[in-house]
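0 is the number of the first residue of the sequence shown in numbering that gives the first Met the number 0; add one for each residue after it.
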Amino acid sequence: MDISFQNKRVLVTGAGQGIGRELVKALVRYGAEVIALSRTKEHLDTLCQEVNVTPVCVDLSDWDTAREAVRKIGPVDCLVNNAAVALLDPFLKAKPEDFDKSFAVNVKAVLNVSQVVAESMIQRGKGGTIVNLSSQASQAALADHAIYCASKAAVDQLSKVMALELGPHNIRVNCVNPTVVMTEMGKIGWSKPEKASTMLSKIPMGRFAEPEDVVNAVIFLLSSKSDMINGICVPIDGGFLAC
Ligand code: NAP
């Protein structure tokens, strides 16, 4: 499929490592001008040594500072809300501060960044595309993931309301919902062999997702090749959610 992001400005959050970092590099290969937003400056510094992107270092859990930073970026054609944290505990031990931090980054920041970006897309009148990184955890109960699962379920539903309200402005909003990807975040929940093998046994394809599996789906949903796709959650899970 012939996809190009020439003359497109794309904002990716959580660009410093993991899936976001791989996505940034792919978008640059497809010709996009990429604004890479993340929390840790060192990660952005090494990314900038690899590819030509505009770095924005900001903590998305700080609503006002993040909002101002995103305003300063100016108009973009595409947005990927990828930044998130996974703070895991058994349900009975889940901490209120972890709930607040998780929802601040995983959900509230999606609302914050998307509001600024969508307002500017509406003013320009050229439409746009938004992809939110959700998870299989939005639809399947995973042990020790109570807060994370709840935050990703919120992302799914937030995305659907965004699709409903922004669609008339020619702004499409979709989610991707990967299974485990062995990034720094993936290692938090799944590096123990017994946990990994239990999860793998529930994935018909018999493997975890690679960052590239997620990147390819995000690129498609951001591109004009998915022009009539709006408000969906795409599992990238080798069939986990089908079983
Ligand atoms: P990751 O390797 O931990 O990377 C997360 C990125 O988000 C990092 O660059 C991190 O910045 C950034 N970030 C976190 N908190 C932030 C904040 N407050 N402000 C700004 N940036 C912040 O995670 P990943 O595995 O690539 O996950 C990417 C997305 O996929 C997430 O939405 C995640 O929930 C979702 N997902 C992951 C998996 C998985 O198994 N890995 C599965 C399903 C869905 P730093 O540079 O400071 O670390």
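We put the beta carbon where it would ideally sit given N, CA and C, even for glycine.
Residue i - containing beta strand (DSSP E), residue span
i	result
S37	32–37
Inter-residue spacing [alpha-carbon to alpha-carbon] between residue i and residue j
i	j	result
E67	Y147	27 Å
A241	A35	34 Å
D99	K151	14 Å
G302	N111	With the chain covering 0 to 242 only, the question about residue 302 has no answer from this structure.
N81	A162	17 Å
K186	P89	17 Å
R28	S223	17 Å
V214	E118	26 Å
E193	G126	46 Å
V160	L78	16 Å
V179	N105	17 Å
V233	H144	20 Å
A149	G230	19 Å
P54	G19	13 Å
A216	V175	7 Å
S60	K107	8 Å
G15	E96	24 Å
L165	A140	30 Å
Q5	G237	31 Å
L132	R38	17 Å
G17	Q135	17 Å
D76	K191	40 Å
G205	F239	10 Å
D212	N169	27 Å
Where residue i sits in the DSSP three-state scheme
i	result
V75	coil
V84	coil
V69	helix
G188	helix
P234	strand
G13	coil
C242	coil
N229	coil
S3	coil
S150	helix
S158	helix
D63	helix
Identity of the residues DSSP links to residue i by a beta bridge
i	result
V115	In the DSSP output, where bridge partners are listed per residue, V115 has none listed.
G127	I170
H144	D88
P54	A35
L132	V175
R8	E32
8 Å Cβ cutoff, residue i in contact with chain C
i	result
C148	Annotation note: the requested chain C is absent from the structure, which comprises a single protein chain.
First through last residue of the alpha helix (DSSP H) which encompasses residue i
i	result
D97	95–102
Q138	Here Q138 belongs to no alpha helix (DSSP H), and DSSP marks it neither H nor E.
D44	40–49
Ligand 2 heavy atom lying under 7 Å from the CB of residue i
i	result
D99	By its list of ligands, the structure shown excludes ligand 2, since it contains just ligand 1.
Exercise. At what residue ranges does the stretch 172–226 contain a whole run of the alpha helix (DSSP H), taking only runs of 4 or more?
Worked result: 183–189, 192–200, 210–221
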